[in-house]
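**Q**
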Amino acid sequence: MPCSPRILALAAAACLHACVTPLLPEQQLGLDARRAPDVALGEPIRLLERPPERLAGIISLDGRVHVFAIDAARTLRHVEIAANAVVAREQVAMLEGDPHGLSLHAIEWPPGTLRVVAGSSQFVRAPSDPGWQEAKGNRCARFLPVAGRLFCAFVLSGEELASPKRTDVYGGLIILLPFAIPVERQSRKLVIAEAAGERWVVRAALDVDDPLDAFPIEIGSDAQGNVHVLYNVGRGGMLILFFPAGGGGVAESPERRLRYARVPADALLAAGQAAPGGQGAPLVTIKGLDVRDSPWSLPSTRRFWWGDLAVNPVTGAIEGLYGSTEVRLDGKFYTQGMLLAVEMRDGVWQERPSIALVDHWPEDGASYKGAPSKNVSVTFDQSGALHALVAHDAEYSMWHPTPAFAYLLKRGGEWSRPLTFRIGLPHAWPYPRLLLADEARLFVAWAERDAGLLGRWILPHPPIARE
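Position 333 of the sequence shown, counted from 1, bears residue number 332 in numbering that gives the first Met the number 0, the numbering being contiguous throughout.
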């Protein structure tokens with residue numbers, strides 16, 4: 000039977016696309032020169048019977064792992080691991096709100112004292128008291144250690160900060176009837192506050208004179224105590240087009256813009272008192288820099304997926320991994336699933352991201368197969384080495400998935416080969432997962448549908464001894 004013109008056209012287009020976008024040559028990426036990370040995988044440890052919805056944790060100064068989990072019933076739980084055994088499981092509190100939307104962050108501060116923020120609540124466990132106490136007046140969403148003092152970041156309402164007002168417009172067309180509804184709002188601002196007893200005292204605010212809202216993406220401090228912030232700014236409002244005859248409609252919100260800010264440690268430490276109630280502006284006001292390009296719209300790449308970012312504690316750079324299906328090298332576009340390593344310094348992304356991982360890694364001894372996914376976690380250890388965990392299918396099959404994690408290490412600017420280990424069927428997509436690092440050790444935790452919450456160590460050769 001002769002082929003239809005439409006089929007022939009599609010075949011020709013596919014052939015042309017394949018001709019102009021070939022797979023990346025292995026030698027061009029230098030994959031065969033990379034070495035596997037010199038680490039050993041510990042045995043899996045059962046942490047919780049039921050899989051959680053949110054995860055956070057720390058490795059404390061005594062070498063123990065503390066995992067905090069929020070389950071579907073909005074229960075905050077704490078699991079403590081020493082060496083290869085769980086030594087404590089406890090319920091911290093019952094929370095309010097959607098468990099998927101609750102913030103969760105933990106820190107050891109001061110040494111020996113554990114703090115965890117879950118939603119609008121903060122809980123503290125001191126060495127002298129084995130029980131958890133709720134801290135009153137919590138505003139914190141993300142802890143920030145700065146030169147021996149405890150700070151945190153959160154978004155403050157416009158009314159409290161006396162920020163500029165604006166008018167958002169919700170309008171559009173329903174059938175043939177146009178409408179417009181103006182709504183006056185005060186812009187919400189990202190602030191950095193210092194712990195002072197049971198309250199948080201605002202020391203700095205970003206873009207206080209800007210009428211746009213702030214939406215944080217990544218916040219972290221470096222070894223000198225400087226705080227680095229990557230965030231979006233935007234406004235409310237919506238354009239709505241509804242066509243009942245066609246059975247559908249369109250809703251369009253205003254686009255957000257990307258910004259970067261650096262808050263110097265000396266400015267934070269020298270700042271005077273400024274109560275969160277907003278009796279005057281905070282003493283440190285920082286104007287963010289508009290970022291021209293971002294990992295999802297770099298001129299050297301296209302078709303970006305989501306990924307993960309973290310602040311390098313040594314350099315203060317914002318680094319991470321983002322997935323892409325196309326990259327341009329030497330003026331040509333190449334098609335292949337890959338993870339690109341991106342880096343920002345002082346609000347400027349590097350011109351050309353490096354390639355950390357590609358689909359169908361060379362078969363000469365590598366244990367990674369399958370396309371990279373958006374399930375990426377990155378973290379830094381104290382030396383500034385970047386550790387990454389990528390969830391993927393070890394052998395792609397529509398009917399029989401083989402979920403796995405690929406571990407990658409970047410040290411001295413060089414990426415390792417991936418080290419892959421299989422896991423059970425995930426509890427949810429994206430995978431609830433956790434990646435923690437201290438000196439050179441890592442602890443990984445992940446949720447499985449049938450096994451609950453599991454964890455394991457990733458240790459260097461030879462393992463670091465702990466008393």
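Glycine is no exception: its CB is placed at the ideal position from the N, C-alpha and C atoms.
If V85 sits next to V78, beta carbons under 8 Å apart, how far is it from one beta carbon to the other, in whole angstroms?
**A** Numbered from 1 along the sequence shown, position 86 holds the residue referred to as residue 85. Numbered from 1 along the sequence shown, position 79 holds the residue referred to as residue 78. Contact holds; Cβ gap of about 6 Å.
**Q** If distances are taken between C-alpha atoms only, which option among G100, Y169 and I191 comes closest to R148?
**A** Sequence index remark: in the sequence shown, residue 148 carries index 149 (1-based). Selected option, being the one with the closest Cα: I191.
**Q** Would you report the Cα separation of G319 and E342, rounded to the nearest angstrom?
**A** Along the sequence shown, one-based indexing puts residue 319 at 320. Along the sequence shown, one-based indexing puts residue 342 at 343. Distance between the alpha carbons of G319 and E342 is about 7 Å.
**Q** How big is the Cα-Cα spacing for T112 and R448?
**A** Along the sequence shown, one-based indexing puts residue 112 at 113. Along the sequence shown, one-based indexing puts residue 448 at 449. In a straight line, the C-alpha of T112 is about 33 Å away from that of R448.
**Q** Per DSSP, what kind of secondary structure is L267 in: helix, strand or coil?
**A** Taking the sequence shown and counting its residues from 1, one reaches residue 267 at position 268. The answer is helix: DSSP assigns L267 an H, G or I state.
**Q** Buried or exposed for N83, going by 16 or more other Cβ atoms inside 10 Å?
**A** As a first step, residue 83 must be located in the sequence shown, where it is residue number 84. Its Cβ having fewer than 16 others within 10 Å, N83 is exposed.
**Q** Starting from E438 and walking both ways along the alpha helix (DSSP H), at which residues does that stretch end?
**A** For the purposes of this step, residue 438 is taken as residue 439 along the sequence shown, with counting starting at 1. Run containing E438: none; DSSP gives neither H nor E here.
**Q** Are the beta-carbon atoms of S220 and V145 separated by less than 8 Å?
**A** For the purposes of this step, residue 220 is taken as residue 221 along the sequence shown, with counting starting at 1. For the purposes of this step, residue 145 is taken as residue 146 along the sequence shown, with counting starting at 1. Contact flag set, yes.
**Q** Please name the residue, chosen from E325, G306 and V200, that lies closest to A270 on a Cα-to-Cα basis.
**A** Start at 1 with the first residue of the sequence shown, and residue 270 comes out as number 271. When only C-alpha atoms are compared, the closest one is V200.
**Q** Alpha carbon to alpha carbon, how far is V347 from I317? Give it in angstroms, no decimals.
**A** For this step, residue 317 is matched to residue 318 along the sequence shown. For this step, residue 347 is matched to residue 348 along the sequence shown. The straight-line gap from Cα to Cα measures roughly 10 Å.
**Q** Under the three-state reduction of DSSP, which class applies to D212: helix, strand or coil?
**A** Along the sequence shown, one-based indexing puts residue 212 at 213. Correct three-state label for D212: strand.
**Q** What is the rounded straight-line gap between the Cα of A436 and the Cα of P253?
**A** For the purposes of this step, residue 436 is taken as the residue at position 437 of the sequence shown. For the purposes of this step, residue 253 is taken as the residue at position 254 of the sequence shown. Cα to Cα, the separation comes out at about 38 Å.
**Q** If you draw a straight line from the C-alpha of G411 to the C-alpha of S353, how long is it?
**A** Here residue 411 is taken as the residue at index 412 of the sequence shown, counted from 1. Here residue 353 is taken as the residue at index 354 of the sequence shown, counted from 1. Going from the Cα of G411 to the Cα of S353 covers about 14 Å.
**Q** Would you mind listing the alpha helix (DSSP H) stretches within the region 164-216 that are 4+ residues and don't spill past its ends, in chain order?
**A** As far as the region 164-216 is concerned, it has no whole alpha helix (DSSP H) run of at least 4 residues.
**Q** Quick check on P402: does DSSP put it in helix, strand or coil?
**A** For the purposes of this step, residue 402 is identified with residue 403 of the sequence shown, where counting begins at 1. Correct three-state label for P402: strand.
**Q** Applying the criterion that 16 or more other CB atoms from any shown protein chain within 10 Å of the CB defines a buried residue, is D208 buried or exposed?
**A** To locate residue 208, count along the sequence shown from 1; it is residue 209. By the 10 Å Cβ count, D208 comes out exposed.
**Q** Buried or exposed: where does P480 fall if 16 or more other Cβ atoms within 10 Å of its Cβ makes it buried?
**A** There is simply no residue 480 to check, as the chain begins at 0 and stops at 466 in what is shown.
**Q** DSSP on H99, reduced to helix/strand/coil?
**A** Taking the first residue of the sequence shown as 1, we reach residue 99 at position 100. Note: H99 maps to helix in three-state DSSP.
**Q** Return the first residue and the last residue of the alpha helix (DSSP H) that L46 is part of.
**A** Residue numbering aside, residue 46 sits at position 47 when the sequence shown is read from its first letter. Note, L46: premise wrong, no alpha helix (DSSP H); beta strand (DSSP E) at I44 to L47.
**Q** Measuring only the C-alpha atoms, how far is N374 from A340?
**A** Along the sequence shown, one-based indexing puts residue 374 at 375. Along the sequence shown, one-based indexing puts residue 340 at 341. The alpha-carbon atoms of N374 and A340 are separated by roughly 15 Å.
**Q** Taking the beta carbon of P51 as the centre, do at least 16 other beta carbons fall within 10 Å, making it buried, or is it exposed?
**A** Stepping through the sequence shown from its first residue, residue 51 is reached at position 52. With 16 or more other Cβ atoms within 10 Å, it is buried.
**Q** Cβ of A140 within 8 Å of Cβ of E217?
**A** Here residue 140 refers to the residue found at position 141 of the sequence shown. Here residue 217 refers to the residue found at position 218 of the sequence shown. Their beta carbons are not under 8 Å apart, which means A140 does not touch E217 by this criterion.
**Q** Rounded C-beta distance between P210 and S186? I'm assuming under 8 Å.
**A** As a first step, residue 210 is located in the sequence shown; it is residue number 211 there, counting from the start. As a first step, residue 186 is located in the sequence shown; it is residue number 187 there, counting from the start. The pair is a contact, with the Cβ atoms about 5 Å apart (cut-off 8 Å).
**Q** Buried or exposed: which applies to S127, given that a residue is buried once 16 or more other Cβ atoms fall within 10 Å of its Cβ?
**A** Within the sequence shown, the letter at position 128 stands for residue 127. By the 10 Å Cβ count, S127 comes out exposed.
**Q** How many whole angstroms separate the CB atoms of R63 and I44, which I take to be in contact at a CB cut-off of 8 Å?
**A** Counting from 1 along the sequence shown, the entry for residue 63 is found at position 64. Counting from 1 along the sequence shown, the entry for residue 44 is found at position 45. R63 to I44, Cβ: 13 Å. No contact.
**Q** Candidates S162, A203, A125 and G170: which alpha carbon is nearest C151's?
**A** Taking the sequence shown and counting its residues from 1, the one referred to as residue 151 is at position 152. Minimum Cα distance to C151 is reached at A203.
**Q** Can you give the Cα-Cα distance for L40 and I457, rounded to whole angstroms?
**A** On the sequence shown, residue 40 is found 41 positions in, with the first residue counted as 1. On the sequence shown, residue 457 is found 458 positions in, with the first residue counted as 1. Each residue's alpha carbon lies about 5 Å from the other.
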